[in-house]
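A.B. asks:
Residue numbers (the numbering used here), protein chains in the order written: chain A, 1 to 401; chain B, 402 to 784; chain C, 785 to 1304; chain D, 1305 to 1573.
#1: Does the Cβ-Cβ distance between residue 734(B) and residue 487(B) come in under 8 Å?
#2: Apart from the five residues just before and just after residue 423(B), which ones in its own chain have a Cβ nearer than 6 Å to its Cβ?
#3: Kindly list the residues whose CB is nearer than 7 Å to the CB of residue 1376(D), restricted to its own chain and excluding five residues on each side of it in sequence; keep chain order.
#4: If you drop the 5 nearest sequence neighbours on each side, which residues of the same chain put their C-beta closer than 8 Å to that of residue 884(C)?
#5: Go to residue 351(A), then tell me how far its beta strand (DSSP E) extends in each direction, as first and last residue.
#6: Name the residues in the stretch 878-896 of chain C whose C-beta lies less than 8 Å from a C-beta of chain A; which are they?
#7: Which runs of the beta strand (DSSP E) spanning at least 3 residues fall entirely within the stretch 257-330 of chain A, listed in chain order?
#8: Taking residue 1105(C) as the query, report the chain B residues whose CB atoms sit under 7 Å from its CB, ordered along the chain.
#9: According to DSSP, is residue 1314(D) helix, strand or coil?
#10: Could you run through the stretch 454-478 of chain B and flag, in chain order, every residue whose CB is less than 8 Å away from some CB of chain A?
#11: If we ignore side chains and look at the alpha-carbon of each, how far apart do residue 108(A) and residue 354(A) end up?
#12: My output table needs one value for residue 229(A): the three-state DSSP class, helix, strand or coil.
#13: Find the nearest neighbour of residue 1058(C) within the set 1001(C), 1039(C) and 1051(C), judged by alpha-carbon distance.
#14: Is residue 1455(D) closer than 8 Å to residue 1463(D) when the C-beta atoms are compared?
#15: Helix, strand or coil, according to DSSP, for residue 1519(D) in the structure here?
#16: Between residue 1482(D) and residue 1342(D), is the Cβ-Cβ spacing less than 8 Å?
#17: Could you work out which residue in 191(A), 30(A) and 347(A) is closest to residue 220(A) when comparing CA atoms only?
#18: Who are the neighbours of residue 285(A) on chain B, taking C-beta pairs under 8 Å?
#19: Starting from the beta carbon of residue 627(B), find every residue of chain A whose beta carbon is closer than 7 Å, and list them in chain order.
#20: Find the residues of chain D that neighbour residue 1064(C), judging by a C-beta separation of less than 7 Å, and give them in chain order.
#21: Put residue 797(C) into one of helix, strand or coil per three-state DSSP.
#22: Just to confirm my understanding: we take residue 390(A), look at its own chain, exclude 5 residues before and 5 after, and list those with CB closer than 8 Å. What are they?
#23: Tell me whether residue 601(B) sits in a helix, a strand or coil according to DSSP, three-state version.
#24: Helix or strand or just coil, what does DSSP make of residue 1051(C)?
#25: What three-state label does DSSP hand residue 1415(D) in the structure shown?
#26: Under DSSP, the alpha helix (DSSP H) around residue 70(A) begins and ends at which residues?
#27: Using a Cβ-Cβ distance cut-off of 8 Å, determine whether residue 904(C) contacts chain B.
#28: Tell me where the beta strand (DSSP E) around residue 53(A) begins and ends.
#29: Tell me, which residues are paired with residue 1454(D) by DSSP?
#30: Check whether chain C comes within 8 Å of residue 428(B), counting only Cβ atoms and requiring the distance to be less than that.
#31: What residues in its chain sit with their C-beta under 7 Å from that of residue 802(B), if we drop five residues either side in the sequence?
#32: What number of angstroms, rounded off, separates the C-alpha of residue 1504(D) from the C-alpha of residue 1460(D)?
#33: Residues of the stretch 47-69 of chain A in Cβ contact with chain C at a cutoff of 7 Å, in chain order, please.
#34: Can you pull the chain C residues whose beta carbon is under 9 Å from the beta carbon of residue 92(A), in chain order?
#35: At a cut of 8 Å, does the stretch 540-560 of chain B reach the stretch 463-478 of chain B through at least three beta carbon pairs?
#36: Give the straight-line distance between the Cα atoms of residue 429(B) and residue 1310(D), rounded to the nearest whole angstrom.
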C-alpha cells in the first residue's frame, strides 16, 4: 500500500519538477551556426544575454561569492549592449563545493540564454563543473580558481585570469631572497588549496634560492586567534613570514604577530591578502606588509570609477568583502568582449555561435582589466606576466621598488 | 510432538546446552576482546603522546619557556570564552536534554551587538573635548556594550525557546535538535542578509586596544600579556563563578535543578516549569552574549559565521567536562583551550591538526569516563 | 471580545516585526522581482517597478488578515472583520513608522549601510513606492488595512457553508478514488496492482531521465544518493537508536577510495569503477567497526559528539599536510574515471541516474529485509531499552557494531558513486553540515521508513534547488522551513507504522515441555 | 544436589557502605515455586539482579544447572535459560505485543543478518516459527487479540502478562518474577496466580518470585525465603513461615509476635 501512496507522491513531484526544468532550442539561423560545433544561442527581441556565475553565496565563504558577483554585476552595466540586446548576470549559489558546482553547471547548461560563465570561484566547484560545460561548449573565465591542475586537463572551455600558484610563488620567493635579502623564512598557509599550493611553491623555491625555511605551518581558516601558532613560529625567530591565504586570516595574523614576539618579522602576503580591507583591518600593524598582485596600475582611471560605482551601488568600499572584486569585474568584462566579437545579428535576432565564443575567449588577447592585463594561452592561463609587488606605506598600498 | 515447524531450532536435551554454552563462550570471548581492546587503545595512544612529548621537550627542545608561556596565555584566554559558551549548552542540556545547536548563533548576535554599539559610541562626539564617547568614558561604554550584547542575546534565546523548542517538548528526542539546526541556519543567513557578509573589526576603546599589554621578560624575550586577553579571562571566570553560585544558592537555581531532575514532580511542587525553562534560556543567552562581546573585544573579527566553530568547540568542551555539569563546563572549556594551543607544539605536530588532537582527547576521555571528566558516573542501570 | 481585540493587536505586532525584518533584508525586493517575472517581465532588474512593491505589501496584508481570524469561529461577521481590521491596522502602523524612519534616512541622506546593508537610497525610494515619503507611508498603511480586511472577508467567505461543502466534496472525491485503488490493490487483483504499480514506477524511472534534461537528472541523482545515505543512517539512528553525527565520514571514505583508485593523480592506479566501489563499501564498513569498538559504552549525545569528532578528524586529516601526498590534500582529486558497463563507457548524467536508482533499489531492498528480521527486531529492542534488550538475550554490543558497519557500508556505496559522478572529490565536500543534512532528512521524512526517507531526501536536497529562485534568501527560507516542518509534523512527513503479523494459518505448534525448555 | 536447579552460595552485594545483600544462600529445587519475601528495601530485587547478572556480587557464587554464572553478561545468562521480569514494567513500549515476544525469542533463533538479506530457507522458516510461537505465548497469557497493538498502550495488567510472555518466549528453565501482581486488583491477581501455577504445571518451569501479597505467596509457594536488611532470616514451607517469630517481627516490628497472636486469638473466638 505504501508503494502506491509513494508512487502517487513520486509522480506528482516528477511532474512538478519536469514542469520547472524544460529546455528550449534554437531556430533557423545564419551559416555560422550551421558550421559551428555547438550551434548558436538565439536571442529574440527584448531577450537579455546571460552570463552565468557559480559562486558561494551562502555559508562560510559567502563574502567571496557575493563580492565577486557584485563586481561582475557592474561589468554588466558597463557592458552596454549589442544593437539593443543587453547583458545580465545570473549568479547562482554553488556553496563552493563540487556538489553545488555541478548542480549550478547543469542548471546553466539547461538555460539556453547562458552563453558563458564567469567562474566558478572555488577550485572544487570548478573542477566538478568543467566537464559539464565541456559537453555543450560554454566558455568559462574564472577570476579566482587557482588550482594548477585545472588547466592541465586539456579543457577547451576553462580559462582563468587568476594567478597560477607557480608564477606567483616562484617570483615571490625570489623577491624575498634576492631583493629583500631575507635569509630565514617562515611559511604559513590556511590549508585551502590556494594557500597551500602557493606556500609549498614559495618554500621550495626559497630553499632552491639558498634561503632557509625555518618553519612551515598550516592554520585553521575562519578562526580569529592564531597567537598559539605564531608563538611557536616566533621561537624559530624568522626574518619574514610568508602567508598563503586570504585577508580574513592574513589581517588577524598581522595583528597578532605584534603580541607574539614576531613584531620585527616582515609579513609577506599574496594577491589573496591584497585589498583595502587589509588596510582597514590591520591599521598601523599593517605598515610594511607586502603583497603580490597582477601587474596593473592599481589606481587607474577605470578602477577609480569602478570603485565609485561599487560604493554607490552596494554601499561598501570595493575590496572590503574580498580581494577579488576587480577580478570579478574583469572576468565578466572579458567574456563580454569575446561575446561582442562573435555575436551576429540577422533578421531581428541575435545569434551567438557557441563554438566560436569558446575560441574567442581562449584567444582573448591583451585585455586590459582593473586587476591586470590578460592574454590567454593555449592552456587557458590568461595571467602569465610576472606579479608586481606592493607594500603598505602610511596606510596605502604603494608599488614596492 | 507432531508439528513440523519448530524442531530444527528449538534445541533439545544435552546438545542444546552444549550449543548454548558454545554460543555463550563465543560471546564471552568477544566481550573479553572488547574489555582488552579499550585499555590497549588507551595505552597505545598514551605511550605515543609520552614519546612525542619526550621527543619535543627533551630531545629537540624546540621551544623555550617564553613560548610555553605565550601558548599558555592564549590557551587560557580562548578556553575562558569556550567555557562561557559551554555553560550555555550545559544549562540547556541539563534541563531539556537537548543540544541547543543555535547557541553559537546567539553568541554571534552578541558579537554584532558589541561591534555596532562600539561604532555607535564612536560616532557620538563629546562637545568641547576632541574625543568621542567611546574614548571619553571607556568604562561606561564597555559596560553598556556588555549590557546591550547580553540583552540582545538573552532576548534571542528567549524567543528561540518560545518559538522553536517549547512546542516540541513532548516530541521525540531528535526533533528539537533538527529544529535547532534549522534555527541556526536561519539565524546565520539572517545575520548575513541584515549586516552583509563583510568581515569587520570591532573598534575597541583605546584603553583596551588589541595587541597591547603588559610585558613580562622570560629568558630574554618579552612575553606580552594583552589587556584584552586578561580582561576577557578574568571577566569570564567571574561570570562563571557568579552563575555557579546562582544555580547553587538562589531560588531560581533550585527551581532549575528541580526541573532538571523531574519536570512532573517539580510542577507538582509548585515550580513553574515553562517559566523556569524560559529563564534558563535567558541566562544561557545572556552568557553567550557576554561571550560574544568578549570575542569581539579580544579577537576583533566579527561576521555572520563567527558563532559556528566556537559553538561546536564549546559543545565539545561541555561534553568533555561532563554535560549538564557547570564546573565540568569550566574545566572542559579551559582544558580544550589549553590542548588546542599547547598540544600541537608539545607533540610537535602541525597546528592544522589541533582540532584532531582535541577530538582525540575527547574520545579517549569518554572511552574511559563515559560521562565526561566531572559528570556523575552512571553505574549499570538499576532495574 | 475585548480579549480577542487585545490578542489581535498582539498578532499585529508580531506581523509588524516580521514585516520590518523582511524590509531590512530586502525580502520585499525579492518577492517583487518574482511577481514581476510571473507577470511576464523578462528582466525586471534588482529593483522592479513600484507597483510590484505595492503588490508585495498587499500580499502581506492578505496573509495578516487571514492569520488574524485563525482559530476564531464563534464570533459574528462584523466582529471578525473588526479583528482583521485591528490586526492589519497595527501592522500597518508599525510599517508606517518604519517608512517614516526610512524617509528620514532618505531625506537627510544618512549613510546607514554600514549597519544595515540593504538600505540603499534607491531601495528606500522603492519601498516608499517611489512616491513622496508622506504619500508612501499613507499608501503603505492603506494597503495593509485594505488587504487585511479583504483577507478577513475571504476567510469568512471560505468558512461559509457552501464553500466548506465544496471543499468537502473535493476532498471526499479524492478519498473515494484512493479507497478504490486500495480496494482493488487488496482484492483478488492485489498481485496485478502491485506489479502494475511497480512496473509503472520502473517505467517512470527509466523514461523520465531521458526526458527532463541534465539539470534535473543531476538533482534527482543527488536526491538518490542522499536516499542511500538516509537509509544507511536510518539503520544506525532509526533502528538501533545510536545518534551518530559524523556519518559523512563513511561517505568520505567511500568517495576517496573511488577517487584514489581511479584518478591519474596522485597515484594513477586506475583499478576501474566496480572493484573500487566494492573496496570502498568494505572499507567504510570496516571503519564503522573500528569507530564502534572503543565507544560502544557511550549512549545518546556522548556518542553524538564523539562521532561528530570522528567526522571532523577524517575531514581534517584528508585536508592536512600530513596526508597531502597520499590524498591530494586540500586540492582534492580530479578527473576520476567513470564506470564502464560491459565495456561501454557509462558516465553521462542519465547513466548515473540509472546507476543511482539501482543503488537506491538495492539499499531499500537490503534495508527492508533487515528491518523485518531477527536482526532488525534486535536493533529495535536496543533502541527501546538497551538494558532489557541485553537481559532478553540480545548481544547488544555485537548488534550495535553490526548496525554501524552496515550503515557505514551504505554510505560507502553512495560515496563511491558520488565521487565518480562528479569526477572530483575534496575534503570540504565532507564537512559537518553534510552529516547534519543526512540526519535532518531522515527525521524530516519520518524516522525508520523508506518512503519517509525518500520524501525527506527530496525535501532536504530537492527543496534548496527549487528555492533557487529565492537567490540569497534560499538558505534562510530553508532554515525557516526546517523549523516549521518540525513544529507542524514532529513525527516526520511520513511517520512509520509497525508491521502487522497475522496469526499463523496452520494450527500453532503446541508447546511441549521437552522442546520448550532447556531442562534435562 | 541432583534435584536443585539453582544454588546461591553466600552472595553479598555492597553499595558503597550499605550491604544490600549479605551472605545469602538459596537453593531452589527444579519445578518448584520459590518465593522471596521481605519488607521494602530488604534486598530482594538486588538479589534478583545478582542472579540475573545485572550486578556482580562482591562475594559468593551462583550456580545455575551446575554452571557458575559469575561475571557472565546478562545476555549470556539469558541464553542459558534463565529469564526474568521487572518490578517496574520494562517493555519495548513502542513495539507491538507480538514484536516484544518475538524479541524474547532472540536467544533461541540462529538466523543472522546475512540470512535476512538473502532471505534464506532458515530465515523464512524461523520467521514463520517466531510468529507462530509468539502467538502461542500471547494466547497463553491471553493477549493474542492485542498482538498487533503497541505494547505501551496496553492496560497495566496486560503489560504485566505481556512481560511474562516475553520472558517465557526464550524457553527458560528458570523464571524470575519481580512482584508480578503489584498494583493489580483482586480479580487480576487471581488470574496471575493461576497463570504462574499453570506455568509450573504445564511447562515444568521453575519460578522464583518476589511478592508482597501474602495471599498469593502463601497460596502458591512451595518454599519461601524471607529477607530482612539483606540477611536471610528464615526459609521454609508457608506454614512454617507464618509462625516464624522473626518474620513477624521483621514485618510488624519488635513485639509484633505478641500482637499477631492476639490478633489470631480474636479471629479464633
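All residues carry an ideal CB built from backbone N, CA and C; glycine is no exception. Keep in mind the model is a prediction, meaning the values are calculated, not measured.
C.D. replies: Reading from the atomic positions:
#1: yes
#2: For residue 423(B), the predicted model reports a pLDDT of 37, less than 50, meaning its position is unreliable and no value from the coordinates is stated.
#3: 1357
#4: 917 and 921
#5: 349-353
#6: 895
#7: 266-268 and 290-293
#8: 751 and 753
#9: strand
#10: 463, 464, 465, 467, 468, 471, 472, 474, 475, 476 and 478
#11: 14 Å
#12: helix
#13: 1039(C)
#14: yes
#15: helix
#16: no
#17: 191(A)
#18: 612
#19: 259
#20: Per Cβ cutoff of 7 Å: no residues; residue 1064(C) is ~19 Å from chain D at best.
#21: helix
#22: 274, 290, 291, 292, 293, 298, 397, 398, 399 and 400
#23: strand
#24: coil
#25: coil
#26: 62-78
#27: no
#28: 48-55
#29: 1400(D)
#30: Since pLDDT at residue 428(B) reaches only 43, below the 50 mark, its modelled position is unreliable, and the value read off the structure follows with that caveat. At least one chain C Cβ lies under 8 Å of residue 428(B).
#31: No answer is possible for residue 802(B): the residues shown for chain B start at 402 and end at 784.
#32: 24 Å
#33: 47, 48, 57 and 58
#34: 1252 and 1255
#35: no
#36: Since pLDDT at residue 429(B) reaches only 45, below the 50 mark, its modelled position is unreliable, and no value is offered.
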